[in-house]
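Inspection log for the structure reproduced underneath, given as structure tokens.
2 protein chains.
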Amino acid sequence: MNSIKIFSPATVANVSCGYDAMGFSMEALGDEMIFTKTKEKSVIISKIEGADLPFEANKNVVGVVAQHMLNDSKADFGLDIQIFKKFKPGSGLGSSAASASGTAFAINTLLNGKYSNLELTKFAMQGEVTACGSAIADNVAAAIYGGFILVRSYEPLDIIGIPTPSKLVATVIHPQIEIKTEAARKVVPQNIPVKTAISQWANVGGLVSGLYAEDFDLIGRSLVDLVAEPNRKKLIPYFDEVKEAAISNGALGAGISGSGPSIFALSKGKQTANKVAEAMNTVYKNSGIDYSIYVSNISKAGARII
Amino acid sequence: MNSIKIFSPATVANVSCGYDAMGFSMEALGDEMIFTKTKEKSVIISKIEGADLPFEANKNVVGVVAQHMLNDSKADFGLDIQIFKKFKPGSGLGSSAASASGTAFAINTLLNGKYSNLELTKFAMQGEVTACGSAIADNVAAAIYGGFILVRSYEPLDIIGIPTPSKLVATVIHPQIEIKTEAARKVVPQNIPVKTAISQWANVGGLVSGLYAEDFDLIGRSLVDLVAEPNRKKLIPYFDEVKEAAISNGALGAGISGSGPSIFALSKGKQTANKVAEAMNTVYKNSGIDYSIYVSNISKAGARII
Chain A
1 MNSIKIFSPA TVANVSCGYD AMGFSMEALG DEMIFTKTKE KSVIISKIEG ADLPFEANKN
61 VVGVVAQHML NDSKADFGLD IQIFKKFKPG SGLGSSAASA SGTAFAINTL LNGKYSNLEL
121 TKFAMQGEVT ACGSAIADNV AAAIYGGFIL VRSYEPLDII GIPTPSKLVA TVIHPQIEIK
181 TEAARKVVPQ NIPVKTAISQ WANVGGLVSG LYAEDFDLIG RSLVDLVAEP NRKKLIPYFD
241 EVKEAAISNG ALGAGISGSG PSIFALSKGK QTANKVAEAM NTVYKNSGID YSIYVSNISK
301 AGARII
Chain B
307 MNSIKIFSPA TVANVSCGYD AMGFSMEALG DEMIFTKTKE KSVIISKIEG ADLPFEANKN
367 VVGVVAQHML NDSKADFGLD IQIFKKFKPG SGLGSSAASA SGTAFAINTL LNGKYSNLEL
427 TKFAMQGEVT ACGSAIADNV AAAIYGGFIL VRSYEPLDII GIPTPSKLVA TVIHPQIEIK
487 TEAARKVVPQ NIPVKTAISQ WANVGGLVSG LYAEDFDLIG RSLVDLVAEP NRKKLIPYFD
547 EVKEAAISNG ALGAGISGSG PSIFALSKGK QTANKVAEAM NTVYKNSGID YSIYVSNISK
607 AGARII
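Going line by line, the protein sequences match chains A and B. Residue numbering for the first sequence follows the numbering used here, beginning at 1 and increasing consecutively. Residue numbering for the second sequence follows the numbering used here, beginning at 307 and increasing consecutively.
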């Protein structure tokens with residue numbers, strides 16, 4: 001195989017109660033990339049569409065991950081890479097993670113599957129360091145494993161794939177305002193009451209249980225975030241209104257996607273998810289803020305060849 | 307039915323990462339009680355064997371729960387109750403919870419199953435108020451539902467039954483020293499770093515996932531408590547030695563049962579669980595402290611007629 005075209009999904013990290021520990025991947029939203037082997041053992045980014053990102057390989061998430069993998073595998077080839085961003089950076093939907101994970105997946109395919117998903121996650125995390133300064137795993141793991149994932153531990157890295165009910169559908173609104181991940185992190189308190197923490201981990205247990213048991217009511221009851229959401233929602237215009245509109249139109253629950261500004265809702269079935277999308281649209285249409293709304297099944301596959 | 311004899315299990319609450327939110331029930335250890343209908347509409351405790359507990363109904367967990375249920379159901383009968391305690395109060399194995407849950411289960415049977423498990427848990431929680439001053443749900447819910455349970459929420463009360471792999475076996479050592487629940491609560495900090503909390507809920511997600519998937523390694527990796535254990539273990543002689551001995555003899559993990567002093571370990575299979583019991587015995591045999599060791603499957607049934 002000399003050339004490969006791949007799709008790498010947008011991802012929703014945190015998922016309310018699962019702050020810094022859970023994530024899931026979108027099936028119908030993600031980036032596309034073309035990787036072509038070259039004789040020259042270098043990484044060249046020859047095309048970037050859809051976003052204003054650096055072409056210099058060592059400054060671009062894609063280039064950084066690619067170079068790490070070519071070095072580690074002692075590959076006898078270089079790469080020409082074309083990037084087609086299909087959703088905007090800074091959305092809270094794992095834009096850099098899609099780039100990093102897609103790169104790891106694509107190069108692994110060109111290397112005939114040399115690496116495990118856990119190893120690919122570690123390579124992709126090096127891209128996250130370039131993008132946001134820290135080696136966050138939740139978005140990249142969701143993009144590589146597909147479906148719902150749990151980052152059980154960082155040291156050692158331990159990623160658990162959680163089964164995802166096929167009827168679970170995500171609706172996401174991306175208000176096109178900028179929230180820096182750094183700023184979103186700062187508003188979350190360093191210390192929390194142990195009682196709050198207990199409620200949060202009880203809900204994580206409920207969410208994981210609901211996903212296994214396909215208990216949609218339980219999934220909904222567990223989508224509660226007492227730690228990040230109460231502080232971060234102030235950074236997102238109309239957060240309460242969007243959440244309320246989603247739930248009153250049938251969503252199981254809703255919350256902030258990653259560090260925002262995107263807001264996700266989960267619903268049972270596409271019909272409800274579309275109704276939720278309409279309700280979100282109604283909240284935002286006269287806001288004067290640009291926004292996009294997406295409805296998507298939750299991808300079971302993660303990054304894939306197209 | 308005029309008279310009923312029941313078994314109500316000992317229970318392990320918290321289960322490491324699941325502090326104040328999880329619990330499981332023992333199959334081979336628990337109290338027995340006999341409930342006999344009387345014409346006189348009063349609650350009389352006519353026999354207590356195995357523990358020094360009050361006979362006055364309004365001071366005994368059993369009497370308190372019984373009176374609440376007879377009042378609520380407007381029962382046309384009273385009760386004569388005989389209590390046979392098979393394990394000691396103050397063990398951290400849910401002694402009062404076994405009494406309270408067994409009572410709720412037995413009276414519900416005499417009432418032809420009028421109440422749901424959730425309602426029985428609420429009745430039994432009133433016994434916990436009498437026993438320890440607060441309406442804790444984890445032990446009583448485990449004793450009523452059987453197997454592993456999650457207390458997802460207190461308001462409203464939401465109990466989730468988690469499937470339990472049949473090969474999962476508990477080994478418990480009860481060093482017969484006194485630790486007051488109140489004292490054990492005080493050593494747990496009121497506030498914890500959010501990073502610690504994130505690790506804890508990631509492990510709760512891992513434990514629930516491991517139980518559903520029958521992934522014993524994952525269950526073991528998830529049995530980590532960063533919140534209560536580091537503080538409480540100082541109250542339990544040889545805690546570190548017992549835990550280390552359990553794990554080095556094949557246990558998946560180990561931790562404090564409830565607020566202690568009992569220490570539990572979980573193993574895959576009875577053979578390993580017995581080996582773990584021997585290892586615990588080796589640690590304690592020259593300690594000068596009285597102790598009991600139990601090996602038990604995890605009950606799937608909870609309180610039951612015998």
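Cβ coordinates follow ideal geometry from the N, Cα and C atoms, glycine included. From a predicted model like this one, the values you see are computed outputs, not experimental measurements.
Residue j and residue i - do their beta-carbons sit closer together than 8 Å?
{"i": "A/Ile83", "j": "A/Asp31", "result": "yes"}
{"i": "A/Asn281", "j": "A/Ile293", "result": "yes"}
{"i": "A/Pro105", "j": "A/Val65", "result": "In the sequence as displayed, the identity of residue 105 of chain A is Phe instead of Pro. Going by C-beta atoms, A/Phe105 is not nearer than 8 Å to A/Val65."}
{"i": "A/Ile179", "j": "A/Ser259", "result": "yes"}
{"i": "A/Ala10", "j": "A/Ala98", "result": "yes"}
{"i": "A/Gly147", "j": "A/Ser299", "result": "yes"}
{"i": "A/Asn117", "j": "A/Tyr145", "result": "yes"}
{"i": "A/Leu252", "j": "A/Lys268", "result": "yes"}
{"i": "B/Gln496", "j": "B/Val533", "result": "no"}
{"i": "A/Cys17", "j": "A/Val151", "result": "no"}
{"i": "B/Arg610", "j": "B/Ile312", "result": "yes"}
{"i": "B/Ser402", "j": "B/Glu434", "result": "yes"}
{"i": "A/Gly302", "j": "A/Ser3", "result": "no"}
{"i": "A/Ser296", "j": "A/Glu119", "result": "no"}
{"i": "B/Tyr518", "j": "B/Ser593", "result": "no"}
{"i": "B/Ser348", "j": "B/Gly408", "result": "no"}
{"i": "B/Ile351", "j": "B/Asn366", "result": "yes"}
{"i": "A/Gly255", "j": "A/Leu235", "result": "no"}
Closer than 9 Å by beta-carbon distance: list the chain B residues that pair up with residue i, in chain order.
{"i": "A/Val188", "result": "Val500"}
{"i": "A/Tyr19", "result": "Val500, Ala503, Ile504, Trp507"}
Using only the alpha-carbon positions, how far apart do residue i and residue j sit?
{"i": "B/Ala503", "j": "A/Ala197", "result": "6 Å"}
{"i": "A/Leu266", "j": "A/Ile136", "result": "23 Å"}
{"i": "B/Ile525", "j": "B/Ala447", "result": "21 Å"}
{"i": "A/Pro175", "j": "A/Leu29", "result": "16 Å"}
{"i": "B/Ala489", "j": "B/Pro567", "result": "12 Å"}
{"i": "A/Ser91", "j": "B/Val321", "result": "38 Å"}
{"i": "A/Asp72", "j": "A/Tyr115", "result": "11 Å"}
{"i": "A/Val62", "j": "A/Ala100", "result": "5 Å"}
{"i": "B/Asn537", "j": "A/Asp217", "result": "36 Å"}
{"i": "B/Ser554", "j": "B/Asp531", "result": "18 Å"}
{"i": "B/Glu550", "j": "B/Ile483", "result": "21 Å"}
{"i": "A/Met22", "j": "B/Pro469", "result": "21 Å"}
{"i": "B/Thr427", "j": "B/Asn445", "result": "10 Å"}
{"i": "A/Lys47", "j": "A/Leu111", "result": "23 Å"}
{"i": "B/Leu474", "j": "B/Pro462", "result": "31 Å"}
{"i": "A/Gln12", "j": "A/Glu229", "result": "In the sequence as displayed, the identity of residue 12 of chain A is Val instead of Gln. Their backbone Cα atoms lie some 14 Å apart in a straight line."}
{"i": "A/Gly161", "j": "B/Thr578", "result": "28 Å"}
{"i": "B/Lys394", "j": "B/Lys501", "result": "37 Å"}
{"i": "A/Gln126", "j": "B/Val514", "result": "30 Å"}
{"i": "B/Ala381", "j": "B/Ala357", "result": "29 Å"}
{"i": "A/Phe130", "j": "A/Gly94", "result": "Position check: residue 130 of chain A holds Thr in this sequence, whereas Phe was assumed. Each residue's Cα considered, the two are about 14 Å apart."}
{"i": "B/Gln375", "j": "B/Phe361", "result": "Sequence check: residue 375 of chain B is Met here, not Gln. Computed Cα separation, rounded: 18 Å."}
Is there a C-beta anywhere in chain B that falls below 8 Å from the one on residue i?
{"i": "A/Gly205", "result": "yes"}
{"i": "A/Met22", "result": "yes"}
{"i": "A/Val12", "result": "no"}
{"i": "A/Gly253", "result": "no"}
{"i": "A/Tyr284", "result": "no"}
Would you mind telling me which residues of chain A sit closer than 7 Å to residue i, beta carbon to beta carbon, in chain order?
{"i": "B/Ala503", "result": "Ile192, Ala197, Gln200"}
Please report whether the beta-carbon of residue i lies at a distance below 8 Å from any beta-carbon of chain A.
{"i": "B/Leu524", "result": "yes"}
{"i": "B/Val533", "result": "yes"}
{"i": "B/Tyr600", "result": "no"}
List, in order along the chain, the chain B residues whose C-beta lies closer than 7 Å to that of residue i?
{"i": "A/Asp158", "result": "Arg527"}
{"i": "A/Ile310", "result": "Since the first residue of chain A shown is 1 and the last is 306, residue 310 of chain A is not available in this structure."}
{"i": "A/Tyr115", "result": "Within chain B, no residue comes near A/Tyr115; the closest Cβ sits about 21 Å away, beyond 7 Å."}
{"i": "A/Tyr212", "result": "Tyr518"}
Problem - Chain-ordered residues of the region 136–152 of chain A with a beta carbon less than 9 Å from chain B - result: The residues in question are Leu150, Val151, Arg152.
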